[in-house]
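Position in the sequence shown counted from 1, then plus 93, gives you this note's numbering. Yeah, the Cβ is synthetic: ideal placement off N, Cα and C, and Gly gets one too.
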Amino acid sequence: HVRQKVDDRKKRPLDICCKQEIERMQNVIKTLRTTLTDLELAIDGTIVMNDLLYNAMNSLYDGRIPDHWRKISWPATGLKDWFDQVKLRYDQYDKWIETGRVEAFWLGGMFNPAGFLTSLRQETCRANNGWSLDQTFLMSEVQSQGSKGNDKDKGEDKIMIRGIWIEGARWYKSLGSGAGSQWGLTELITSTGKRGGKPVTDLRSEMPLIKLWTVRRDGQNKEILFKTDSDTYVCPVYSNSNRTDLNYVFDIPLKSLSSNVKARHWVLRGVCMTTI
């Protein structure tokens, strides 16, 4: 069924990416089903209780994720969180493969978010004959809080992503009304809501929807590079809280709410974003 859908849509890069994601998810579901079925038989005495099943039984009893599940899936805080993600990921894949697109993609629900973004660039290159992948880069724009995006933001060349978390800073709106107000990076809020001596309660917060689209690198479109003395911080996005090259996905430039606060300030704060 999945392969037929991909073939019907002429093997578009995003559909191929979805197919690869579903194949990995099928592996997780197959392992999950096999473990639980064999564990039930082993407890009844029908089959031998081997080390794998014994460890899985102890993990499930303690509310932990069995090691062989974790190795082929994703990090989670506990067993309930892991099972919740099974359902959430399935729902996204189901809508994605049936319709070819979802209103806002959840990067944290993908095995290979960097590959998904590459597929987005490939799709734009295919639509614009003559573009090569190495000539393109992703542009991003953080939407207003609570915004669901309008129709012009949901074209074939633009997508929305959701579920991005920022650590070490917050995305906040300046005081003002109408066109005079703007969004930007600012300090974390303390437990009292005021500056001075009090501990910070929330080290991370969820970002609004972020619009992504692909552009060609030329005179008009230039990629924003990291500079310590700029008021725009090129914020790295990781797939989880382990900030390593293996978990790096891409960068999103974020402007400081105050032009006096430079990028080096956010570097010292250790500001980054994660997909979960």
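Query raised in the report: With 16 other CB atoms within 10 Å as the buried threshold, where does Y83 fall?
Result: Past the boundaries of the shown model lies residue 83; the chain is included only from 94 to 369, so the question cannot be answered.
Requested in this report: Please name the residue, chosen from G261, S267, V99, that lies closest to Q238 on a Cα-to-Cα basis.
Outcome: Taking only the C-alpha atoms, the option nearest Q238 is S267.
Query raised in the report: Just to confirm, are T211 and R309 a CB contact at a threshold of 7 Å?
Result: Contact flag unset, no.
Requested in this report: Compare the C-alpha of N314 against each of L231, R255, T321 and name the closest.
Outcome: For the residues L231, R255, T321, the minimum Cα distance to N314 belongs to L231.
Query - Assigned secondary structure, T325 (DSSP; H/G/I helix, E/B strand, else coil) - result: If DSSP states are grouped into helix, strand and coil, T325 belongs with the strands.
Requested in this report: Pull up the distance between the alpha-carbon of W258 and that of Q215, whole angstroms please.
Outcome: The alpha-carbon atoms of W258 and Q215 are separated by roughly 26 Å.
Query raised in the report: Excluding five sequence neighbours on each side, which residues of the same chain lie with their C-beta closer than 8 Å to the C-beta of G156?
Result: Around G156, the same chain offers G171, L172, K173 as residues with beta carbons nearer than 8 Å, after the five sequence neighbours per side are excluded.
Query raised in the report: DSSP three-state call for R157: helix, strand or coil?
Result: Note: R157 maps to coil in three-state DSSP.
Query raised in the report: Would you call the CB atoms of K348 and G277 closer than 7 Å?
Result: In this structure, K348 places its C-beta atom within 7 Å of the C-beta atom of G277.
Query raised in the report: What first and last residue would you give for the alpha helix (DSSP H) that runs through R117?
Result: It spans 106 to 137 - the alpha helix (DSSP H) in which R117 sits, taken as one unbroken run.
Query raised in the report: Which whole runs of the beta strand (DSSP E) in the segment 178 to 231 are 3 residues long or more, in chain order?
Result: As far as the segment 178 to 231 is concerned, it has no whole beta strand (DSSP E) run of at least 3 residues.
**Report entry** According to DSSP, residues forming a beta bridge with W276
**Finding:** Answer by DSSP bridge pairing, in chain order: K266.
Query raised in the report: Closest to F319 by CA distance: which of R336, F343, P106 is it?
Result: For the options R336, F343, P106, the alpha carbon positioned closest to that of F319 is the one of F343.
Query raised in the report: Per DSSP, which one or two residues make a beta bridge with P346?
Result: V327.
Requested in this report: Compare the C-alpha of D227 against each of G363, E196, E316, Q178 and name the closest.
Outcome: Proximity to D227 across G363, E196, E316, Q178 peaks at E316, based on C-alpha coordinates.
Query raised in the report: Roughly how many whole angstroms lie between the Cα atoms of L339 and P206?
Result: P206 has its alpha-carbon roughly 12 Å from the corresponding atom of L339.
Report task. Report yes or no: do the segment 195 to 205 and the segment 136 to 145 share at least 3 C-beta pairs separated by less than 8 Å? Result -> Three or more Cβ pairs closer than 8 Å define a contact, and the segment 195 to 205 falls short of that threshold against the segment 136 to 145.
Query - Through-space distance from G223 to N333, alpha-carbon basis - result: One C-alpha to the other measures close to 36 Å.
Requested in this report: Could you check how far apart the C-beta atoms of A197 and R255 are, in whole angstroms? I think they sit under 8 Å.
Outcome: Going by Cβ atoms, the distance from A197 to R255 rounds to 4 Å, so yes, they are a contact pair.
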